[in-house]
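Note that the numbering used here has the sequence shown beginning at 17, numbered continuously upward. Virtual Cβ for every residue (Gly too), placed ideally from N, Cα, C. To start, the structure itself, in structure tokens.
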Amino acid sequence: MQPSQAVNPAPLSLDRLPPVRRPRHPAIRGLTALVAALVLLPVMVLIGVGVTGSGEDWPHLLQNVLPRSTATTLWLLALVSAGTASIGVTTAWLIVAYDFPMRRVLAWALVLPVAVPPYLAAYAFGEFFHFTGPVQSALRAIFGWQSPRDYWFPDIRSTEGAALVLSAVLYPYVYMTTRVVFLMQGRNIADVARTLGARPGTVFRRILLPVARPAIIAGVALVLMETLNDIGAVEYLGVRTLTFSVYSTWLNRGSLEGAAQIAAVMMVIVFAILMTEQWARRKQGFHAARATHIKARPARLKLTGWRAAAAFLAVLLPILAGFGIPIQVLGRFAVRRLDQLFEPALQNAFLSSVAVAAATAVVTVGLALLLLNAARLVRRPGVLAMARISTIGYALPGTILGLGLLFALARIDNTVDALARDWFGFSTGLLISGTAGAVIYACTIRFMALAEGTIRSGMEKLPRNIDDAARSLGCSPARSARIVLLPLLTPAIMTAGVLVFVDTVKELSATILLRPFGFSTLATHVYENASRGVVEDGAVAALLIIVTALVPVMLLSRALMRDEAS
């Protein structure tokens, strides 16, 4: 029997190999384009209304409204950015670099003011610093003053007062971002600089601040967006910002076109903030990886005597201002009105808040997963660009989104109603605008970036080829995402859902514009009582908002503490 001879196959030329084509996934690309279009819809409609309007209100706005409102807004933004940057950077460095009494407890508590919406802080500060409040009452008791003519006290109902309120509750954005950088790099390079003879002040000014500059700017940018978004605090404190002017022009003058034109000016400011952030962070590429193990980090400098007391007070005061004052004032009011918990109005507001927030969380997380999966599967510039566009809502104040959606949804409803009348002879009425669905739509756009960023951070920890391996075994993209990616991303998905839920409960600006008649949330319930001058009647609802928001804030604080050296 002849031994078999091996047959050598003819060598294959690479030129003969068929090109490897990536799947196009037309359905995913179409859905991504639809999400991007839905996000851009209110912005484009608002610009169109402002540009194509009659312009009869523009001379009045240009002469009487815009100069004052723009100047007030820019001054408020400058004060809040300076205040939050000072508080956030100082407290972050004290917590990271020094050891003093109760440091670990204070490090956790510094995040608590995030749970307090600015409008609740404004109501509390207004009562706390009022003539009959505890501060002025104590001053009169100490110095024997009888009336306001006997002494001078700063007015909280001013632009500077609004800046104080907003800084007290928004500084954690800067604190958290800056603290991460100091934990990763600050103490190591500071110790190296001190061994070379640099004084502590020089080290902080010439080394640590430049290192933390990208983080500081990122935190301040978030603060400025929240400041532009605020309507409850500035209205209560009598500060006529551009956001307040949008509501005033629409409600008092009945001019939707004028309100759209003011909102367009706000969009210019938002764009300027974003461009300034990108410019300030140019050529900044600091390495954010940990160079040493946590246990190998340099020991904190232990403070004693008056230095320890000064550090303790410097960290404690922001907590007392941003969290202690609202809890003290609103808690004192709520204790006398606990019977409101059994009132149908408050119960309905609570249920409405929970329902809208839960629906928003589900929709937002689902769309964020769609966008991330599209970017992961398709990996084409067009799809990546559409996914990025879909997350710009967080950079837009709720006023702009709410007003833009109000125009867009009203036109859609009117068009559908006209077609129904012409073709079928009946009126459909309002299908989308004036419903809770419109509020969910606005909150989904606004908080998409929050959900997408949280889930993306979890997805980046997974191997890129993990779902490719599943598909190589015969799984479709949908099945691969369902049985492989989703179980691994469950912690990130849950975190994103909780954060969106809480921010929706706190949301006020868009809800006021879009909510149906007779529909009230906890935020609007508090706002309505404050507008009538009876803040105390909304205290129970205010505490419910804070308690609801405290859960994720405490989880976030625990996560920060785990990243810190003991």
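{"Query": "What are the uninterrupted segments assigned as alpha helix (DSSP H) that are 4 or more residues long and contained completely in the stretch 105-167, given in chain order?", "Result": "119-125, 134-144, 150-159"}
{"Query": "If I measure Cβ to Cβ from V556 and keep anything under 6 Å in the same chain, skipping five residues before and after, which residues do I get?", "Result": "A350, R353, Q356"}
{"Query": "Keeping to the same chain, check which residues put their C-beta closer than 6 Å to that of T100; ignore five residues upstream and five downstream.", "Result": "S183, L186, Y187, V190, V239"}
{"Query": "Are the CB atoms of P58 and L417 within a distance shorter than 7 Å?", "Result": "yes"}
{"Query": "Less than 7 Å between C-beta atoms, sequence neighbours within five positions excluded: which residues of the same chain meet that for V67?", "Result": "none"}
{"Query": "If we call anything under 7 Å between Cβ atoms a contact, is G248 one with L524?", "Result": "yes"}
{"Query": "Straight-line CA distance for P413 to C459?", "Result": "11 Å"}
{"Query": "Pull up the CB-CB distance for R472 and L388, whole angstroms please, since I reckon it's below 8 Å.", "Result": "6 Å"}
{"Query": "Does the structure place the stretch 161-172 close enough to the stretch 227-245 that three or more beta carbon pairs sit under 8 Å?", "Result": "no"}
{"Query": "DSSP on L317, reduced to helix/strand/coil?", "Result": "strand"}
{"Query": "Out of V112, A436, G420, state which residue places its alpha-carbon closest to the alpha-carbon of T444.", "Result": "A436"}
{"Query": "What are the start and end residues of the alpha helix (DSSP H) that includes E544?", "Result": "538-547"}
{"Query": "Measure how close the beta-carbons of F366 and L560 come, nearest whole angstrom, since I'm counting them as under 8 Å.", "Result": "6 Å"}
{"Query": "Helix, strand or coil: how does DSSP classify N268 here?", "Result": "coil"}
{"Query": "My output table needs one value for A468: the three-state DSSP class, helix, strand or coil.", "Result": "According to the sequence provided, residue 468 is Glu. The question's Ala does not apply to it. E468 falls in the helix class under three-state DSSP."}
{"Query": "What residues in its chain sit with their C-beta under 8 Å from that of Q277, if we drop five residues either side in the sequence?", "Result": "G66, G69, D73, W74, L77"}
{"Query": "Rounded C-beta distance between A234 and I289? I'm assuming under 8 Å.", "Result": "Not a contact, Cβ separation roughly 12 Å."}
{"Query": "With DSSP collapsed to three states, give me the class of T608.", "Result": "Since the displayed the chain opens at 17 and closes at 582, residue 608 lies outside it and no answer follows."}
{"Query": "Quick check: what's the CA-CA separation for T194 versus A87?", "Result": "29 Å"}
{"Query": "Just the C-alpha distance for A465 and A377, rounded to the nearest angstrom, thanks.", "Result": "12 Å"}
{"Query": "From which residue to which residue does the alpha helix (DSSP H) around A64 run?", "Result": "First, the residue type needs correcting, since residue 64 is Gly and not Ala in the sequence shown. Where G64 is concerned, the enclosing alpha helix (DSSP H) stretches over 42-68."}
{"Query": "With a threshold of 8 Å, are at least 3 pairs of Cβ atoms found where one atom belongs to the stretch 397-410 and the other to the stretch 507-520?", "Result": "no"}
{"Query": "Leaving aside the five residues before and after G338 along the sequence, list all residues of the same chain whose C-beta is less than 6 Å from its C-beta, in chain order.", "Result": "P129, A184, V185"}
{"Query": "Anyone know if the C-beta pair for A508 and G469 falls short of 7 Å?", "Result": "no"}
{"Query": "Mind the definition here: the stretch 421-438 touches the stretch 246-262 only if three or more C-beta pairs lie below 8 Å; say whether that holds.", "Result": "no"}
{"Query": "Report all residues from its chain with a CB closer than 6 Å to the CB of A375; omit the five preceding and five following residues, and keep chain order.", "Result": "I456"}
{"Query": "From L400 to F463, what distance separates their C-alpha atoms?", "Result": "19 Å"}
{"Query": "So V331 and L180 are in contact, right, with Cβ under 8 Å, and what is the actual spacing, rounded?", "Result": "With a Cβ gap of about 18 Å, V331 and L180 do not count as contacting."}
{"Query": "Please confirm whether A327 and L317 have their CB atoms less than 7 Å apart.", "Result": "no"}
{"Query": "Please report the residue range of the alpha helix (DSSP H) in which N389 lies.", "Result": "360-394"}
{"Query": "Round the Cβ separation of I461 and V55 to the nearest angstrom and send it over; I've been treating them as touching at under 8 Å.", "Result": "5 Å"}
{"Query": "Pick helix, strand or coil for P507, following the three-state DSSP scheme.", "Result": "helix"}
{"Query": "Along the chain, where does the alpha helix (DSSP H) that runs through V196 open and close?", "Result": "175-197"}
{"Query": "If you reduce the DSSP assignment to three classes, tell me which class I232 lands in.", "Result": "helix"}
{"Query": "G549: which of G254, P334, L421, A454 sits nearest, CA to CA?", "Result": "G254"}
{"Query": "Taking only the alpha-carbon atoms, compute the straight-line gap between T583 and V370 and give it to the nearest angstrom.", "Result": "Residue 583 is absent from the model: the chain starts at 17 and stops at 582."}
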